[in-house]
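Comments concern the structure below.
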Amino acid sequence: MIEADIRSKSFGTSRVLGPVRFTVRPGETVAILGPSGVGKSTLLRIVAGIDPRFEGSVARPERMAIVLQEPTLLPWRSAADNIRLVHPDLSRMKVHAMLDRVGLGDRPDHFPGQLSLGQQRRLALARAFAGNPEGLVMDEPFVSLDTGTADRMLALTEALIAETRPATLLVTHAESEATRLADRILRLGGQPATLA
Amino acid sequence: MSAAATRGLSILGLLALWSAAALISDDPTILPAPWTLLPRYAQEIENGKLLHHLTATLLRVIAAFVLAMGLGIALGYAMGRYPRLDRWLDPWLVVFLNLPALVLIVLCYLWIGLNETAAILAVTLNKVPNVTTVIREGARSLSPDLDAMAGVFRMSTWARLRHVVLPQLAPFVTAAARSGIAVIWKIVLVVEFLGRSSGVGFQIHLYFQLFDVGMVLVYALAFIAVMLLIEWALLQPWERRVRRWRLA
Chain A
0 MIEADIRSKS FGTSRVLGPV RFTVRPGETV AILGPSGVGK STLLRIVAGI
50 DPRFEGSVAR PERMAIVLQE PTLLPWRSAA DNIRLVHPDL SRMKVHAMLD
100 RVGLGDRPDH FPGQLSLGQQ RRLALARAFA GNPEGLVMDE PFVSLDTGTA
150 DRMLALTEAL IAETRPATLL VTHAESEATR LADRILRLGG QPATLA
Chain B
0 MSAAATRGLS ILGLLALWSA AALISDDPTI LPAPWTLLPR YAQEIENGKL
50 LHHLTATLLR VIAAFVLAMG LGIALGYAMG RYPRLDRWLD PWLVVFLNLP
100 ALVLIVLCYL WIGLNETAAI LAVTLNKVPN VTTVIREGAR SLSPDLDAMA
150 GVFRMSTWAR LRHVVLPQLA PFVTAAARSG IAVIWKIVLV VEFLGRSSGV
200 GFQIHLYFQL FDVGMVLVYA LAFIAVMLLI EWALLQPWER RVRRWRLA
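Structure representation (structure tokens):
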């Protein structure tokens, strides 16, 4: 369960977020929709615990996972190591099963730089779900992919969410992604931004 | 032509230049020809002095190098990571960067005494500001996204340092190590020249007083050979290993 009760968030003197309150139940997927620059990523970083400087409180589960716009992999470690280093308790077999699951079973020893952007994104997905997360935050995970690749990524994400059932918060500007993945859609807008 | 062959030929060229200069000057007390040094090498190896002094210098170089790199990396990382600390320590860094090596050496000997501690400390203090400056640049350019990722997934401090931070700092660490080792051995020689009774610097001091150019060259070249060996056998292979993922 993710419980966010944000009263305010400012960068210097400009107030970016106004009061934002919502909860995401276990197994539920909530999408935050809004135009770019409105403060979606700021909200996501607060919920994920990356940015602790805000007024209010956020309760999040112990095991969190994140998928960012950029794959944010460790370019100096192999695909398998990128999963194993983040989840040290995972067995070799589980790591390989996870790579298999996202279609990278044949390249555990490749460095991220040797993978295409689509493959890097899937590796980031594998890393997020490998730890069996209770909470998941995703920031525009499907941008700048061609339509076919984005579609396969969406299907894969859908299946993984259905298997693992974390409390998922998805931030996106694409209405179609939100309707396809989310049980509930919240719209962020205004200045400072609040939920409509 | 292979890299090794180019390297070999380039060094042969330097030897040829030296030989020509020696033949033209025609005065072995000013510039002895390379081959006239060979019997003196044989003599110094046989009586064990060369090995003794080379080892003494090499141990000082290693000690100062390890200390300077360790302190410099820790300090540079902290200063790059915490701007407040950086604002406080930066003036100190500028002072130490501009303190002449000779002044530090003399002060260390005066305050601590003519001993090994003073010698190593003097060399270390000379090198720490350089390492710090380079590593600070690296720490400032650490990726905030990777940091956020490691934080959300709750990677342990050790895992973050080893797999997230250090690989990002690696190019800066190699650059600092490279320039570090070259500067350190030269300062070690000065330290030995001024106040130690062993090492290549001490021998050079001795033969300087006897005005023996040949022996000065014997010891200087022997140590250059050792440093080239370290560069080719240790530093360059290590650098290749660290950069492997970029080339894959």
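As they're listed, the protein sequences go chains A and B.
Position 54 of the first sequence, counting from 1, maps to 53 under numbering that gives the first Met the number 0, and the rest follow consecutively.
Position 217 of the second sequence, counting from 1, maps to 216 under numbering that gives the first Met the number 0, and the rest follow consecutively.
Each residue gets a CB set at the ideal place from its N, CA and C atoms; glycine is no exception.
(Q) Let me confirm a value: F222/B is counted as buried when at least 16 other C-beta atoms fall within 10 Å, else exposed. Which label applies? (A) Here residue 222/B refers to the residue found at position 223 when the second sequence is read from its first residue. Buried is the call here.
Q. For chain A, is any of its Cβ atoms less than 8 Å away from the one on M148/B?
A. As a position in the second sequence, residue 148/B is number 149, starting the count at 1. True, the Cβ-Cβ gap to chain A drops below 8 Å.
Q | Exposure label - P236/B; buried when at least 16 CB within 10 Å | A | Sequence index remark: in the second sequence, residue 236/B carries index 237 (1-based). Exposed, because fewer than 16 other Cβ atoms sit within 10 Å of the Cβ of P236/B.
Q.
Closer than 7 Å between beta carbons: that is the criterion. Which residues of the stretch 65 to 83 of chain A meet it against chain B?
A. Look at the stretch 65 to 83 of chain A: the residues with a C-beta under 7 Å from a C-beta of chain B are I65, L67, E69, T71, L73, P74, W75, R76.
Q: Would you kindly check if the distance between the Cβ of T193/A and the Cβ of P18/A is under 8 Å?
A: The residue given as residue 18/A occupies position 19 in the first sequence. The residue given as residue 193/A occupies position 194 in the first sequence. Contact: yes.
Q) Of all the options R76/A, R24/A, Q68/A, which has the alpha carbon lying nearest to the alpha carbon of V163/B? A) As a working mapping, residue 163/B is identified with position 164 in the second sequence. Out of R76/A, R24/A, Q68/A, the CA that lies nearest to the CA of V163/B is found in R76/A.
**Q.** the stretch 151 to 167 of chain B in contact with the stretch 94 to 112 of chain B per 3-pair CB rule at 8 Å
**A.** no
Q. In angstroms, rounded to a whole number, what distance separates the CA positions of L193/B and V215/B?
A. Start at 1 with the first residue of the second sequence, and residue 193/B comes out as number 194. Start at 1 with the first residue of the second sequence, and residue 215/B comes out as number 216. Taking the straight line joining both Cα atoms gives about 16 Å.
Q. R244/B CB to nearest chain A CB: under 8 Å?
A. Here residue 244/B refers to the residue found at position 245 when the second sequence is read from its first residue. For the sequence presented, residue 244/B should be read as Trp rather than Arg. Yes, its Cβ sits closer than 8 Å to a Cβ of chain A.
Q) Distance, Cα to Cα, P170/B vs N46/B? A) Counted from its first residue, the second sequence places residue 170/B at position 171. Counted from its first residue, the second sequence places residue 46/B at position 47. The straight-line gap separating the alpha-carbon atoms of P170/B and N46/B is approximately 43 Å.
Q: Taking C-beta pairs closer than 8 Å, name the residues in chain A that A158/B reaches, listed in chain order.
A: Taking the second sequence and counting its residues from 1, the one referred to as residue 158/B is at position 159. Those are L84, P87, listed as they occur along chain A.
Q) In chain order, what residues of the same chain have a beta carbon less than 7 Å from the beta carbon of P128/B, not counting five sequence neighbours either side? A) Residue mapping note: residue 128/B aligns to position 129 of the second sequence, counting from 1. Taking C-beta separations shorter than 7 Å and ignoring five residues to either side along the sequence, the partners of P128/B in its chain run L92, F95, L96, following chain order.
Q: Select from R164/A, E139/A, R151/A, E174/A the residue whose C-alpha is nearest the C-alpha of T41/A.
A: Within the first sequence, the letter at position 42 stands for residue 41/A. Of the candidates R164/A, E139/A, R151/A, E174/A, the one whose C-alpha sits nearest the C-alpha of T41/A is E139/A.
Q. Ordered along the chain, which non-local residues of its own chain (more than five positions away) have a Cβ less than 7 Å from that of S9/A?
A. Your numbering for residue 9/A matches position 10 in the first sequence. So the list reads V15, once near-sequence residues are dropped.
(Q) Would E176/A and F141/A be called neighbours here (beta carbons separated by less than 8 Å)? (A) Position 177 of the first sequence, counting from 1, holds the residue named residue 176/A. Position 142 of the first sequence, counting from 1, holds the residue named residue 141/A. Yes. Within cutoff.
Q. In whole angstroms, what separates the C-alpha of T156/A from that of D150/A?
A. Along the first sequence, one-based indexing puts residue 156/A at 157. Along the first sequence, one-based indexing puts residue 150/A at 151. Roughly 10 Å between the two C-alpha positions.
Q: Quick one: residues in its chain with C-beta nearer than 7 Å to the C-beta of N125/B, no 5 flanking neighbours on either side, listed in chain order?
A: Here residue 125/B refers to the residue found at position 126 when the second sequence is read from its first residue. Answer for N125/B: A100, L103, I186, listed in chain order.
Q) Where do the N-terminal and C-terminal ends of the alpha helix (DSSP H) with E136/B fall, by residue? A) In the second sequence, residue 136/B corresponds to position 137, counting from 1. Its alpha helix (DSSP H) spans residues 115 to 139.
Q: Following the continuous alpha helix (DSSP H) through M78/B, name the residue where it begins and the one where it ends.
A: As a position in the second sequence, residue 78/B is number 79, starting the count at 1. Taken as a continuous stretch (DSSP letters only), the alpha helix (DSSP H) holding M78/B covers 48 to 80.
Q) Closer than 9 Å, Cβ to any Cβ of chain B: which residues of the stretch 31 to 62 of chain A, in chain order? A) R44, A47, G48, I49, D50, E61, R62
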